[in-house]
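In the numbering used here, the protein residues as written are -7 to 311.
Here's what the structure looks like:
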């Protein structure tokens, strides 16, 4: 995936000129999305499907939220399987992820993280993947596919972040996959993804979830690097955990790290007398021979009022 263009988050005269120049392409992109949805009849899966998605390109927290939701439902004796496209992986599926034999080049980084929590299926053809997953699942959780019209969703959960919407323009002029108003209208539930307890949903019918570090390494001087949709969010989190961030390096989302990448980062760390640190999602994309030498900051998604969310999800899929 490409790095996020600077003009997505700027309102300078130059940025506005670029956005205006790209607006015809944005109109074509949006028309294509709507045409595909209008011409596609979504297929129903044998079991209910919950879709966790967003209206923007880049990271909002779909994977950690999907994991938190699966754990929450498991506490209610609901057996959920994950279904994902396997972005960045070569396998089109449908195939069940085996962390012992698959790597990120096979199934993508997100599928490997999901498989740590519940059975996970990779399938470019969502209905075909759902058919297989449904044989041993009470329900299916998709951590992507909010804009995919090929499969019927019994409950669509829209994740929203104030920092993700940028200039609010449709791609490629901005980071939006579709207008937020359209995404909200199509959603069953809405969740604000917050960075701290001060950021809460303004409306009672909107839920809140907070991204929190868990089992963090001891704060120290670090060179922070990542290849995720929202790199600055990771860097801010480190500073909030009292890490001294000497320098940062942001790679493209889902970047496949090479030995040359890590060697260069190691030299930078030695120069600054600092350790290297990255995200869980990036860690699975590191060359195996370097993984033991790099710190990882795990995160979890804390759902506020989890019982209310679980009740509303179960109510939605029972209709």
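Glycine is no exception: its CB is placed at the ideal position from the N, C-alpha and C atoms. If you're wondering where the values come from, they're calculated on a predicted model, not measured in any experiment.
A distance below 6 Å between beta-carbons, with the five flanking residues on each side excluded, links residue 226 to the following residues of its chain, in chain order: 218, 271. Residue 18 sits in a helix when the DSSP states are folded into three classes. Assignment of beta-bridge partners to residue 292 by DSSP yields 204. In the pairwise beta carbon analysis, the segment 249 to 261 is classified as not touching the segment 197 to 211: fewer than three pairs are separated by under 8 Å. Pairing residue 246 with residue 101 gives a Cβ-Cβ distance under 9 Å. For residue 258 and residue 124, the gap between their C-alpha atoms comes out near 43 Å. Ranked by how close their Cα comes to the Cα of residue 282, the residues 302, 265, 256 have 256 in first place. Segment contact: the segment 104 to 124 against the segment 79 to 86, three or more CB-CB distances shorter than 8 Å; contact assigned. Inter-segment contact for the segment 64 to 78 and the segment 300 to 307 is present: three or more beta-carbon pairs are separated by less than 8 Å. Taking C-alpha positions only, residue 175 is separated from residue 165 by approximately 18 Å. Distance from the CA atom of residue 75 to the CA atom of residue 196, rounded to whole angstroms, is 30 Å.
Contact annotation: residue -5 and residue 266 have beta-carbon atoms that are not nearer than 9 Å. With respect to the C-alpha of residue 103, the residue from 120, 80, 119, 122 having the closest C-alpha is 80. Residue environment: residue 236 is assigned as exposed (fewer than 16 neighbouring CB atoms within 10 Å of its CB, all protein chains considered). As the crow flies, the alpha-carbon of residue 242 is around 23 Å from that of residue 4. Taking all protein chains in view, the Cβ of residue 31 is surrounded by fewer than 16 other Cβ atoms within 10 Å, so the residue is classified as exposed. Within the DSSP secondary-structure output, residue 95 pairs in no beta bridge.
Beta-bridge partners of residue 182 (DSSP): 150, 198. Annotation for residue 199: 183, 301 place their beta carbon closer than 6 Å to its own, counting only its chain and skipping 5 residues before and after.
Taken in chain order, the unbroken stretches of alpha helix (DSSP H) that lie wholly in the segment 81 to 144 and span 4 residues or more are 96 to 99, 101 to 106, 118 to 125.
Assignment of residue 264 by DSSP, reduced to helix, strand and coil, places it in the helix class. A direct Cα-to-Cα measurement between residue 152 and residue 47 gives close to 8 Å. Residue 241 sits in a strand when the DSSP states are folded into three classes. If you draw a straight line from the Cα of residue 78 to the Cα of residue 128, it comes to about 20 Å. Close CB contacts of residue 295 within its chain, under the 6 Å cut and outside five residues either way in sequence, are with 60, 201, 301 (chain order). Taking all protein chains shown into account, residue 170 has 16 or more neighbouring C-beta atoms within 10 Å of its C-beta and is therefore buried.
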